[in-house]
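Colleague: Dumping the structure here so I can ask a few things about it.
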Amino acid sequence: MTGELPSPSAPASVPPPGAEPRHDFGLAEYRPLPGVPDELIGPDGQMRPLWQPLLNHLAKLSDTDLTRAIERADLYLRDSGVIYRQYDTTAGTASVERPWPLSHLPVLIDEADWTRLSAALIQRADLLELLMADIYGPNQMVADGHLPADLLAGNPAWARPMVGIRPRAGHYLHFVAFEIGRGPDGQWWVLADRTEAPSGAGYALETRVATTRAFGPQLFGQQLHRLAGFFRDFRDHLLSMRADPAARVAILTPGPWNETWYEQAWLARYLGISLVQGEDLTVEDGRLMLRTVSGLKPLDVLWRRLDGSFADPLELDPASRLGTPGLVSALRQSGLAMVNPPGSGVLETRAMMAFLPRLAPVLTGSALMLPNIATWWCGDASARAAVIEAADRMILSPALGTGLPYDRMDDPFAAASLPPDALGERLERESGSLVAQEAVTLSTTPALVDGRITPRPMSLRVYLARTASGWRVMQGGFARIGATTDPGALAMQRGGGAADVWIISPDHVGGDTLMNRPAGQSGTPEPDELPARAADNLFWLGRYVERTEGMVRLLRARHGRIAESGTGTLPLLAEADALLEAAGLDPSEPIPEGLLATIGRAVSSAAQLRDRFSTDGWAALKDLDKSARRLALQVSPGDDAAQALSALLRKLAGFSGLVHENMYRLMGWRFLTLGRMQERARNMAGWLAALTDPGSDPGGIDLCIELGDSVMTHRRRYSMVSGRGPVIGLLALDPLNPRAIRNQVDGMMDLVRMLPEALVENRLSAPARALLRLQTDLATATPETLGSEALYALQARLGEVSDLISERYFR
Amino acid sequence: MSIYDLRLQISYEFDRPSGAGRQHFRILPASLPGRQRVLGSLVTLEPEPGELGFFTDFFGTSVVEAAIPAGLTRLDLSLEAQVERLAQPEGLDLSVPVAALGPELAQIRSLGPDSPLHFCLPSRRIPQVDAISGFAAKAQGQDDSVAMVTERLGLMLHGHMTFEAGATDVDTSPAEAFAARHGVCQDFAQIMVGGLRSLGIPAAYVAGYLRTLPPPGQKRLVGADAMHAWVRAWGGPQRGWIDYDPTNACFTGADHIDVGMGRDYADVAPVTGMLRLDGQQEGRHSVDITEAGEG
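For the protein sequence lines, the chains are A and C, in the order given.
Here the numbering used here is used: the first residue of the first sequence is 102, the next is one more, and so on.
Here the numbering used here is used: the first residue of the second sequence is 77, the next is one more, and so on.
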């Protein structure tokens, strides 16, 4: 390392003439750290030519331009809702949503370097596949002494129930990732193998979009390798793994509280495959089946993103609540192909890295093309001696851990932190449960820190997918960028960032999108295959949104009256308050906690549905939630509250509009709308029963008209007279008023007739029969027969319809 | 040599119709060359399950797998089997000294079902418990063989603990049962497995059946026999596994019928899945073992 400074006359540092002050964002002062290789500045102290176009582009930007470029990227991520969940250690098990921590400057890598790297990583993936087949097969490597039995016998990641189960698709591993970094000599090293259920491939694609928003793909034009082809080939591979061409392919997710749930939902949408949870599945006659609203449908290929041990409580971890009983049985009976099978995580075991260099010649016939980080398993006497010998360079950690060498999750400690005697004693005592790895130094890459280009340590995550033509390496990935110069600060959970990785070719590379694919391999779910759990969530989302709307209308009417009268003594207020209290709201709070909780439930239901929801719809709901919480802290009763509630009502209308205008009229929309209509009818029945009783305040009738958003219609039709009869006619019995009970029941009847098995052998389904009776009774009712008692009975019958729908379609 | 007719009945009654579920039953007697031979077996479920199949698990135990349809109010399982049990010759103690186990284990390169390597470390249901380790340490004398230490620990445990049906349940931890000084065969076996492992002796948990002989002069009662559990300690490559029954403080004999072994109860639990052998949906079971022709 020369440590020489970049020449101050480098073209990038010369401010070009212009109206706005332009500068080089600290490029002239950019210095690699002593003894650390850098991506931008070569060992000769000169800038690598690869970076020139990007730096030239930056040099042309003013401060404002750069700020705007960064904002464009961040705006994209925010608008797309790209988040990951961070486990909050201070708040118990809860996790919180975090925006994707984009580090805006991409890492540039030369295509020739990448090609060599790819060949080496493919060899490593092949090695891991062969080792997997041995570990879950004959265990010849242990028998022949190439691998210590201790690495498996006491390893919780070795899934004994999977031993002897051959994968139906012929291979065990189909999707793997490697963490790699550059060592002090500038060569790449593998830092960790990711074979369990590697995350982040979807984030890599979103990172790409965001980064090109900031700096534009035109910088390198056709020389920048695209990512879409990687996903297309893998999607085609997933489809080709089916034994039954009519069967589904799905991603198995742990659910919305997982840290990378967003990505799983995103991948399912992008690839056009289903997203399922363990409870969506069941096993029948040795085959995996998806529970849908139209019964069980075969599901033939699972891309597993759920931790393997949780996949089957019957044969794997019995404490799992996320799994599917019988999943292992289906694998045993070849009723399912899986990416990757449970137990594949055993290959991530840190101590395994001590043996992979020796296993490579045995299993693949050639030495490893790319070294992994130097590792010693301390169960071996000669390894213990080597660790003591070079204690100043060694980091010790649990042998069966799987984290990165610089991860602090496993409490690694420097061998040199113990006096030599204590070290020797501890190594003897803990021997096989410890592993030693050489302390990691990573290359640095330029990152924008407070508007200045600054060297930061980085590692890359590279993805490999099995395709029809063998392993394919994603031409990119994402780079972790340290928050400080300490490699420990790379982890996102510790403030590290993620940057795009650009593989630059000297030639043109072909264009690529996901949409080029052979005909006849549709990945779009069939319309009738809505999973029962998704239908349940949609139905409840509809109910919670409508319940929210009812609450907001009631609250607004209350505060509007306070604003008009100035006091809280109107008799009608007592009746409104009784309705609020019945709905679980505290009338003394302008935006009650109960309202926020209801919105929260709507958000939770929608969170379960991210794979079938438009980004805009989700954003509108999140916005409603945020606004309500903000307003709850600010507004005072009366006019202030009424205005705030009107604003919330408009936001609700915005969400409903997005759903109504944009959601395809398939099964999912039907359940969502059924939920809304049911809730709306129930609300109205309750209001009318409480407020139009002949014994109650006559003002209640006006209140009902206001709640029913029907002031204009009512005035037009009935002039200024308001009486109970016309109001019941308008709000309960009118089939044309979109707020009337009759209108909801008619709509529900239409929808229920379109649900699966609504009519079997001339017999209506139970929900349809109940609704038909309700519809008939409403059609023949008059305002006189529909008194408060009848309205309460109607409300109860609507509840029964909801139960019948749940029972028939959501179980 | 004895030939037994074995009958097992498990019955469930549900207050409300049950949901659908998948069940594993580890109830079939094992075939163990030179020791136990299954002459025939028949498993019946009533009402008939949606699916009924068999497979052999990692540790070599035969598992009955059944898909139970929804809507049942009762479920009856019965097993009828004829088993030949060969008595083990009482011979010389060929087990190695406990101190010699380490180097012996270091030589082992098998991860097959009966490899002692699976049974050295604490397991999910049998974690390291200091009180049990301390207790077990008293069973070890210098240069004692595995068989001697096993027998001594078994006798000590039999003295320390009282057999008490119903005092514990399947989820009682070894630490709790040991502190309370009472339990059933599962507790005795799990505590002893933990103690043996703490001494460096590979130890497995064995599930099976026990034939109960009536007191002299009395007629044997139908259903008085039981599902049972004991331990298996590894005595070195020449002696192999040694079976010991801490509940009855004896090496196992012709009255013990093997089902299978595992690291702890969870690996060989007789009923796993939606239904269990106790808990919310109390399952009643009875075991009947008679000499062929006797009963």
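Every residue gets a Cβ at the ideal spot worked out from N, C-alpha and C, and that includes glycine.
Give me the Cβ distance between A/A729 and A/L749, rounded to the nearest whole Å; I'm assuming they're in contact under 8 Å.
Modeller: That pair is a contact at about 6 Å.
Colleague: Since I believe A/P443 is in contact with A/A278 (beta carbons under 8 Å), could you give me their beta-carbon distance rounded to a whole number of angstroms?
Modeller: About 18 Å; that fails the 8 Å criterion.
Colleague: Considering just the uninterrupted stretch of the alpha helix (DSSP H) at C/F254, what are its terminal residues?
Modeller: P250 to A256 is the extent of the alpha helix (DSSP H) around C/F254.
Colleague: Shorter than 7 Å from the beta carbon of A/V243 to some beta carbon of chain C?
Modeller: Judged by the 7 Å Cβ criterion, A/V243 is in contact with chain C.
Colleague: Counting only Cβ pairs nearer than 9 Å, list the residues of chain C close to A/D386.
Modeller: Within chain C, the residues near A/D386 are G126, E127 and A143.
Colleague: Alpha carbon to alpha carbon, what distance is there between C/H100 and C/V139?
Modeller: Taking the straight line joining both Cα atoms gives about 6 Å.
Colleague: Against C/R308, what residues of chain A qualify as contacts under a CB-to-CB distance less than 7 Å, listed in chain order?
Modeller: Chain A residues near C/R308: none, gap ~16 Å exceeds 7 Å.
Colleague: Please confirm whether A/T699 and A/T774 have their CB atoms less than 7 Å apart.
Modeller: Against a cut-off of 7 Å, the Cβ pair of A/T774 and A/T699 comes out as no contact.
Colleague: Whose C-beta lies closer than 6 Å to the C-beta of C/R315 among residues of the same chain, with five residues either side of it excluded?
Modeller: Closer than 6 Å at Cβ, skipping near neighbours: L170 and S171.
Colleague: Which chain A residues are close to C/G97, counting only those with a beta carbon under 9 Å from its beta carbon?
Modeller: Going along chain A in sequence order, the residues near C/G97 (Cβ under 9 Å) are P426.
Colleague: Quick check on the burial criterion: 16 or more other C-beta atoms within 10 angstroms. Buried or exposed for C/K295?
Modeller: It is exposed - the Cβ of C/K295 has fewer than 16 other Cβ atoms within 10 Å.
Colleague: Just verifying my parser: in three-state terms, what is the DSSP assignment at A/A569?
Modeller: Residue state, collapsed to three classes: coil.
Colleague: I need the DSSP call for C/K295, collapsed to helix, strand or coil.
Modeller: Residue state, collapsed to three classes: coil.
Colleague: Compute the beta-carbon to beta-carbon distance between C/S87 and C/D152, rounded to the nearest angstrom, for a pair I have assumed lies under 8 Å.
Modeller: So it is a contact: roughly 5 Å between Cβ atoms.
Colleague: Tell me whether A/M148 sits in a helix, a strand or coil according to DSSP, three-state version.
Modeller: Three-state DSSP puts A/M148 in a strand.
Colleague: Mind pulling the chain A residues with CB within less than 7 Å of C/G349?
Modeller: What C/G349 touches in chain A: L415 and P426.
Colleague: Run through the DSSP bridge pairs and tell me what A/T383 is partnered with.
Modeller: The partner list for A/T383 (beta bridge, DSSP) reads A/M390.
Colleague: Where does C/F135 sit, in a helix, a strand or coil, going by DSSP?
Modeller: Of the three classes helix, strand and coil, the one that applies to C/F135 here is coil, per DSSP.
Colleague: So, helix, strand or coil for C/G355, using DSSP?
Modeller: Residue confidence is low: C/G355 scores 45 on pLDDT, short of 50, so the model does not pin down where it sits. No coordinate-derived value is stated.
Colleague: Since A/R179 contacts A/P200 with CB under 8 Å, what's their CB separation in whole angstroms?
Modeller: Sure, about 7 Å apart at Cβ, within 8 Å.
Colleague: Have a look at the DSSP bridge pairing and note the partners of A/T603.
Modeller: First, the residue type needs correcting, since residue 603 of chain A is Trp and not Thr in the sequence shown. Looking at the DSSP assignment, A/W603 forms a beta bridge with A/L209.
Colleague: Is any beta-carbon of chain A found at less than 7 Å from that of C/R287?
Modeller: Output row for C/R287: interface = no.
Colleague: Looking at C/V174 and C/V205, is the spacing between their C-beta atoms short of 7 Å?
Modeller: No, the pair does not count as a contact, with Cβ atoms beyond the cut-off.
Colleague: Taking the alpha carbon of A/Y910 as the reference point, which residue from A/G661, A/P632 and A/Q845 has its own alpha carbon closest?
Modeller: Nearest C-alpha to A/Y910: A/P632.
Colleague: What are the partner residues of C/T120, as DSSP defines its beta bridges?
Modeller: Looking at the DSSP assignment, C/T120 forms a beta bridge with C/S154.
Colleague: Any Cβ of chain C within less than 7 Å of the Cβ of A/A170?
Modeller: With 7 Å as the cut-off, A/A170 does not count as an interface residue toward chain C.
Colleague: Whole angstroms are fine: how far does the CA of A/N240 sit from the CA of A/L274?
Modeller: So the alpha carbons of these two residues sit roughly 17 Å apart.
Colleague: What residue from A/Y371, A/L353 and A/G480 has the CA that sits closest to A/L252's CA?
Modeller: For the residues A/Y371, A/L353 and A/G480, the minimum Cα distance to A/L252 belongs to A/G480.
Colleague: Which residues, in order along the segment 260-272 of chain A, keep a beta-carbon less than 7 Å from a beta-carbon of chain C?
Modeller: Those would be R261, P262 and V264, in chain order.
Colleague: Mind checking who A/P632 pairs with in its DSSP beta bridge?
Modeller: Its beta-bridge partners are A/T393.
Colleague: Should C/M77 go down as buried or exposed, given a rule of 16 or more other Cβ atoms within 10 Å for buried?
Modeller: Result: exposed.
Colleague: Nearest by alpha-carbon distance to A/W289: which of A/Y304, A/F335 and A/L469 is it?
Modeller: For the residues A/Y304, A/F335 and A/L469, the minimum Cα distance to A/W289 belongs to A/L469.
Colleague: Answer with yes or no whether the minimum CB distance from A/A250 to chain C is below 7 Å.
Modeller: For A/A250, the answer is yes, since a Cβ of chain C falls inside 7 Å of its Cβ.
Colleague: Closer than 9 Å, Cβ to any Cβ of chain C: which residues of the segment 856-873 of chain A, in chain order?
Modeller: From the segment 856-873 of chain A, no residue has a Cβ closer than 9 Å to chain C.
Colleague: Can you tell which of A/G578, A/A412 and A/E531 has the C-alpha that lies nearest to the C-alpha of A/F331?
Modeller: It is A/G578.
Colleague: If we define contact as Cβ-Cβ less than 7 Å, is C/R273 a contact residue for chain A?
Modeller: Judged by the 7 Å Cβ criterion, C/R273 is not in contact with chain A.
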